[in-house]
Amino acid sequence: MLPFARVGGTLQCEGVPLDRIAEAVGTPAYVYSSASIRAQYERLDAALAPVPHRIHYACKANSSLGLLALVRSLGGRIDVVSGGELFRARQAGFPAEDIIFGGVGKSAQELREAIDAAVHVISVESEQELRLVDELAREAGAVARVGIRVNPEITVETFHDYIKTGEKGGKFGVPFDEAHAVARIADALPHVRLVALGMHIGSQLTDLAAYRDGIARLEGLIDGVRRDGVTTLEHVDIGGGLFVPYDGESPADLAGYASIVVPAVQRLGLELIVEPGRFLVAESGVLLARVLYRKRSGGRDVLVTDTGMNDLLRPSHYDAYHRIEAVHATTGRGRFDVVGPICESGDFLALDRELASVDAGALLCVFTTGAYGISMASNYNARPRPCEVLVDGSRYGVITVREAYDDLVRRESLTPDWRTSS
Ligand code: LLP
176 MLPFARVGGT LQCEGVPLDR IAEAVGTPAY VYSSASIRAQ YERLDAALAP VPHRIHYACK
236 ANSSLGLLAL VRSLGGRIDV VSGGELFRAR QAGFPAEDII FGGVGKSAQE LREAIDAAVH
296 VISVESEQEL RLVDELAREA GAVARVGIRV NPEITVETFH DYIKTGEKGG KFGVPFDEAH
356 AVARIADALP HVRLVALGMH IGSQLTDLAA YRDGIARLEG LIDGVRRDGV TTLEHVDIGG
416 GLFVPYDGES PADLAGYASI VVPAVQRLGL ELIVEPGRFL VAESGVLLAR VLYRKRSGGR
476 DVLVTDTGMN DLLRPSHYDA YHRIEAVHAT TGRGRFDVVG PICESGDFLA LDRELASVDA
536 GALLCVFTTG AYGISMASNY NARPRPCEVL VDGSRYGVIT VREAYDDLVR RESLTPDWRT
596 SS
């Protein structure tokens with residue numbers, strides 16, 4: 176079953192018409208299909224079934240508690256990249272042994288939190304960070320389980336430079352030629368245990384060869400590290416990055432992915448870790464928005480909606496394509512700029528897009544917004560962030576209420592709490 180389909184002219188999520196949800200909770204609203212997340216999880220789990228593996232959901236894609244709880248109920252584990260995401264993971268009930276903690280710039284405070292929680296792996300991205308983890312673990316009277324994120328230094332095809340993360344000279348990971356030396360240091364330090372070597376090549380990878388090349392580099396490294404007598408390795412971590420179609424492209428070739436990953440993991444004799452973000456949740460989500468006004472400007476037809484770059488940054492930040500459809504079928508098509516209410520000309524959802532010819536009051540559905548939608552939303556122009564709704568079969572429920580004006584000023588005061596510098 177498709178998570179979103181038109182029934183009697185109206186778009187539905189599973190068994191629930193989207194206009195019902197919009198009437199009940201207002202717009203803008205993110206709506207997620209639990210069946211879609213379940214199906215994606217199960218497809219990936221089945222593809223990797225021939226080898227021992229752990230699916231750690233990269234919750235940067237969407238860390239709303241309701242979705243985290245769903246992923247956890249499926250047997251999923253979690254990948255966090257900040258103290259805040261670690262907090263969210265704990266709130267959603269993930270036990271420490273199901274959490275891996277990555278990220279290029281973890282503060283000492285965040286590392287202490289990860290050490291105190293005793294997470295399954297702290298993935299370090301530099302020698303300095305490794306030494307800091309060792310020192311903080313000593314202070315805590317602990318031995319931290321660490322992984323090293325290696326920069327595989329391969330050039331990949333992604334739709335935007337901002338989501339390439341495995342290229343030489345980038346900020347991510349330990350440079351490949353230093354990785355072996357850093358692994359040796361990890362092995363020698365008394366308060367860390369080197370349990371994983373890993374990589375993340377980039378997001379939205381269109382060519383599986385990137386995995387093949389990256390894994391080959393990791394294999395060489397792991398062989399070398401083992402020849403040095405390191406016996407503590409438990410995991411090889413190949414990151415996330417699986418492709419998701421936004422515009423009718425073919426979906427990720429999971430059989431092809433498995434045919435690269437499975438034999439390599441079997442050769443290595445380690446447990447595989449994967450960190451999918453977008454793959455699990457992107458297609459589960461839509462953003463519902465109401466057309467406020469239709470106008471003509473410089474020969475163009477413009478639909479001004481009640482959502483924009485504050486709720487969904489991807490079109491303006493990456494020039495990303497998101498399919499848009501009217502929730503109610505109409506006759507006639509037109510070409511429109513679909514824009515938001517924010518005072519920036521970069522605030523658009525689509526430019527010069529062919530669409531059903533709609534007018535003020537119409538309900539629009541912006542597709543494939545389950546990943547990097549709400550998690551990148553902001554309060555720019557002091558706009559409260561949208562609510563989020565989870566659908567399951569014929570029922571739906573709010574998992575995040577719409578922000579209120581009070582939420583916007585909760586942390587602020589009219590007068591400073593003055594202090595003197597002396
Ligand atoms: N692991 C690491 C270390 C990562 O940096 C990322 C994503 C993932 C896993 C998950 O990658 P995925 O499976 O979602 O491709 N905001 C951008 C995407 C940024 C991805 C950053 N890292 C977007 O909206 O397209």
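Residue numbers for the sequence shown follow this note's numbering, beginning at 176 and rising by one. Beta carbons are placed, not taken as given, at the ideal position from N, Cα and C, and that holds for glycine. Predicted model only: the values in this text are computed from it and were never measured.
Look up Asp-362 in the DSSP assignment and say whether it is helix, strand or coil. Helix at Asp-362.
For Ser-209, three-class secondary structure by DSSP: Residue state, collapsed to three classes: helix.
Should Asn-326 go down as buried or exposed, given a rule of 16 or more other Cβ atoms within 10 Å for buried? buried
beta-carbon Glu-394 near the ligand LLP non-hydrogen atom, thresh 7 Å: no
Taking only heavy atoms of the ligand LLP into account, decide whether any of them is closer than 7 Å to the Cβ of Arg-599. Here the chain has residues from 176 to 597 only, and residue 599 is not among them.
Nearest-angstrom Cα separation, counted from Leu-223 out to Leu-383: 15 Å
By how many angstroms is the C-alpha of Leu-408 removed from the C-alpha of Leu-478? 55 Å
Outcome for Val-576 when other beta-carbon atoms lying within 10 angstroms are tallied against a minimum of 16: exposed
Short check: CB of Thr-185 to CB of His-503, under 8 Å? yes
Determine the direct distance from the alpha carbon of Ala-464 to that of Ser-596, and round the result to whole angstroms. 49 Å
Measure the beta-carbon distance from Val-321 to Ile-297 and round it to whole angstroms, keeping in mind my assumption that it falls under 8 Å. 5 Å
Just grab the DSSP bridge partners of Lys-346 for me. According to DSSP, which records beta bridges pairwise, Lys-346 is partnered with nothing at all.
For the ligand LLP, is there any heavy atom lying closer than 7 Å to the beta carbon of Lys-339? Not so, every heavy atom of the ligand LLP lies at least 7 Å from the Cβ.
Strictly by DSSP, which residues pair up with Phe-276? Val-255, Ile-297
Does the structure place the segment 224-233 close enough to the segment 439-449 that three or more beta carbon pairs sit under 8 Å? yes
Kindly indicate which residue of Leu-455, Leu-467, Val-514, Leu-286 has the alpha-carbon position closest to the one of Val-246. Leu-455
Span separating the alpha-carbon of Asp-598 from that of Asp-428: The structure shown does not extend to residue 598, since the chain is modelled only from 176 through 597, so no value can be given for it.
Length of the line joining the Cα atoms of Thr-333 and Gly-251: 26 Å
Taking Asp-336 as the reference, give the member of Met-374, Ala-495, Gly-395, Arg-558 with the closest Cα. Looking at the Cα atoms, Ala-495 is the closest of the given residues.
With a threshold of 7 Å (Cβ to nearest heavy atom), would Gly-454 be considered close to the ligand LLP? Going by the sequence as given, residue 454 is Phe instead of Gly. For the ligand LLP, at least one heavy atom lies less than 7 Å from the Cβ of Phe-454.
Just the C-alpha distance for Ala-214 and Ala-233, rounded to the nearest angstrom, thanks. Cα to Cα, Ala-214 sits roughly 17 Å from Ala-233.
Report yes if the C-beta distance between His-366 and Arg-402 is below 8 Å; otherwise report no. Taking 8 Å as the cut-off, the Cβ atoms of His-366 and Arg-402 do not count as close.
Return helix, strand or coil for Leu-455, following the three-state DSSP convention. Note: Leu-455 maps to helix in three-state DSSP.
What is the rounded straight-line gap between the Cα of Ile-517 and the Cα of Tyr-555? Going from the Cα of Ile-517 to the Cα of Tyr-555 covers about 8 Å.
Expressed to the nearest angstrom, what Euclidean distance is found between the alpha-carbon atoms of Asp-457 and Lys-235? The amino acid occupying residue 457 in the given sequence is Ala; Asp does not appear at that position. Near 12 Å, if we compare the C-alpha coordinates of Lys-235 and Ala-457.
Does the distance between the C-beta of His-497 and the nearest non-hydrogen atom of the ligand LLP fall short of 7 Å? no
With hydrogens ignored, establish whether the beta-carbon of Arg-489 is closer than 7 Å to any heavy atom of the ligand LLP. yes
Integer Cβ distance of Leu-380 from Gly-416, believed to fall under 8 Å: 4 Å
Are Cys-562 and Ala-199 close, meaning C-beta to C-beta below 8 Å? no
List the residues that DSSP assigns as beta-bridge partners of His-228. Leu-447
Cβ of Met-484 within 7 Å of any heavy atom in the ligand LLP? no
Using CA atoms only, rank isn't needed, just tell me which of Arg-195, Leu-219, Pro-225, Cys-188 is closest to Pro-438. Pro-225
Would you say the beta carbon of Ser-238 comes nearer than 7 Å to a heavy atom of the ligand LLP? no
Could you tell me the boundaries of the alpha helix (DSSP H) in which Ile-574 lies? Taken as a continuous stretch (DSSP letters only), Ile-574 belongs to no alpha helix (DSSP H), being part of the beta strand (DSSP E) at 570-575.
Consult DSSP for Lys-235 and reduce its assignment to one of helix, strand or coil. helix
What residue from Ser-459, Leu-443, Ile-413 has the CA that sits closest to Pro-420's CA? Ser-459
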